[in-house]
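> In my numbering, the protein residues as written are 322 to 746. C-beta atoms are modelled at their ideal positions from N, C-alpha and C, and glycine is treated no differently. Model, not experiment: these values are computed from the prediction.
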Amino acid sequence: LFKIKTYVFKDVTATSSGAGNLKLNFFTVHQTIKEAKAIPFETLANRISGHQIIFLLSIIGYIILSFRHKSMLIGLPLIGLGFLAYSGGLRFTIYAVPPLALGIAYLVVEFSKFIKNKNFIPIPYQAYLVIFTIAILYPNITHAYKYTIPTMMNSTEVKTLDYVKSRADREDYMVAWWDYGYHIRYFSDVKTLIDGGNSRGHYNYPVSFILTNDQIRAAKMARLDVEYKEGYLKNRNYGSNLGNMMNDYGYKDSNKFLKSLSKDMKLPPKTRDIYFYLPYRMLGMYSVISKFSNVNLMNPKDKKTEPRLIYIKSFKETKGNILLGKNIKILKNSGQILIDKEILPINKMVQTSYLKGRLKTEVKTIDSKANVNVIFMKDYKTFLIVDNSVYNSLFFQLFVLENYNKDLYEPVSLNSMVKIYKLKI
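And the structure:
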């Protein structure tokens, strides 16, 4: 029932804080995983059988096969799971493949026998089998041949993680989004807070908070989450780390507790070092990452304003404007930006570039009261339109600008593809 709720309804789920009867509502990961999103009939049919016509023929073949051999009815639950892909996503289609493959295979055999008996074309029975089988496999083979997916990490990222392995202790932690969890453990031999098998909402929340909030609060949350994670592993105190933090610091309201991170507070004793893994490719994931901490944990119906992050790689510069597409235009002469017919003042215009492997940053403040910032990453040929919350986040300050708080962070490895920092507190 829990799996049906998470995959089919994809609601924000409630979880016990581990302290008293307090309930905290976390954003569920199934709302953001690509293969867990609802798909149309065409995609469903293509992923199960290779083509819509083959899919329909497979169902017909399976019905006939089940009618003649009742034992084939055992495949019905698998087909049901496969059809759950309509709402549950691509990851369910694979279940329906075996029974429907048997269905189309049975249809091929029976149809080949029928044609041979009619003797339309004087060729061996086996020839019909080969012809029909090739016709059915062709769209599947074509799909597999064209299905090329890049690796999760490139050589620069791997070399950087390997470098960290020579410096870090295997009991240390590296903060990164869950997509990179297994890779970090393998190449750097350090622990992670979340990974592909450990990415429920209450695990993701602190990491999302760290990556998308200011450097001071991010540093404190990183130390808290790591030490509370270790406490959980040793003592098996159930519930969310955040809920246990609130209980220990005397808070019943998560919003008040998160605000308190900006003030002086006594942190748990440091038992290990913490590193931050910030790759360039996380830029494209930032909006999804922010969803996990951009929620009111006390009231999920209270919708927060989504942070503004517009990622543009195609643009054209004219005499007085920079045309960015998506109904966005930078008005150079007035220091404003046009977004969906709304003209907004620009806070900061930033340009970053690399000179002999070192980042050079040029910042021009136009209107300090404005809430829109424009960043041009010259070497990446990329424009970023971000609001102040995104601009001041740990990820943007440490990766995009390398503007880190020297009391809290120290660089371990900086290059254009990935940047790794170490927490000082």
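Put residue 698 into one of helix, strand or coil per three-state DSSP.
Strand, per DSSP.
> Just list the residues that DSSP pairs residue 646 with in beta bridges.
Per DSSP, 649.
> For the beta strand (DSSP E) that residue 509 lies in, which residues bound it at each end?
No beta strand (DSSP E) holds residue 509; the alpha helix (DSSP H) holding it covers 502-509.
> Would you list the residues sitting across from residue 519 in a DSSP beta bridge?
BP columns for residue 519 point to 516.
> Assess contact between the stretch 368-381 and the stretch 416-436, defined as three or more Cβ pairs (one per stretch) separated by less than 8 Å. Is contact present?
Segments in contact, yes.
> At what residues does the beta strand (DSSP E) containing residue 368 begin and finish?
Here residue 368 belongs to no beta strand (DSSP E); instead the alpha helix (DSSP H) covers 362-370.
> Going by DSSP, what residues sit across from residue 495 in a beta bridge?
Looking at the DSSP assignment, residue 495 forms a beta bridge with 513 and 596.
> Please say whether residue 649 and residue 657 have beta carbons closer to each other than 8 Å?
Not a contact, by the Cβ cut-off of 8 Å.
> I'd like the list of long-range same chain contacts for residue 655, defined as Cβ closer than 6 Å, with 5 residues on each side in sequence excluded.
Same-chain partners within the cutoff: there are none.
> Taking the alpha-carbon positions, what's the residue 510 to residue 490 distance?
Their backbone Cα atoms lie some 8 Å apart in a straight line.
> Between which residues of its own chain and residue 437 is the CB-CB distance below 7 Å, once the five residues before and five after are set aside?
Once the five neighbours on either side are set aside, the close Cβ partners of residue 437 are 446 and 449.
> Where are the beta strand (DSSP E) runs, 3 residues long or more, that stay fully inside the stretch 676-740, in chain order?
Runs of the beta strand (DSSP E) inside the stretch 676-740: 679-686, 694-698, 703-707 and 730-735.
> Mapping DSSP to helix, strand and coil, what is residue 611?
Helix, per DSSP.
> Between 580, 528, 536 and 584, which lies nearest to residue 562 when the distance is taken from Cα to Cα?
For residue 562, the nearest C-alpha among the options comes from 528.
> When you compare the CB positions of residue 598 and residue 630, do they come within less than 8 Å of one another, or not?
No, Cβ-Cβ distance for residue 598 and residue 630 is not below 8 Å.
> Tell me whether residue 469 sits in a helix, a strand or coil according to DSSP, three-state version.
It is coil, neither helix nor strand.
> Helix, strand or coil: which one does DSSP assign to residue 618?
Three-state result, residue 618: coil.
> What residue range is occupied by the uninterrupted alpha helix (DSSP H) comprising residue 443?
Note, residue 443: premise wrong, no alpha helix (DSSP H); not H, not E.
> Hey, residue 653 and residue 633: beta-carbon distance below 8 Å or not?
In this structure, residue 633 does not lie closer than 8 Å to residue 653 by Cβ.
> Relative to the C-alpha of residue 504, which candidate in 521, 524, 480 and 523 has its C-alpha closest?
Closest by alpha carbon: 480.
> For the alpha helix (DSSP H) that residue 376 lies in, which residues bound it at each end?
Taken as a continuous stretch (DSSP letters only), the alpha helix (DSSP H) holding residue 376 covers 373-389.
> Tell me whether the beta-carbon of residue 544 lies closer than 8 Å to the beta-carbon of residue 591.
In this structure, residue 591 lies closer than 8 Å to residue 544 by Cβ.
> My output table needs one value for residue 431: the three-state DSSP class, helix, strand or coil.
DSSP places residue 431 in helix when its eight states are reduced to three.
> Are residue 668 and residue 642 close, meaning C-beta to C-beta below 8 Å?
Contact flag unset, no.
> State the DSSP-derived secondary structure class of residue 639, mapped to helix, strand or coil.
Residue 639 falls in the coil class under three-state DSSP.
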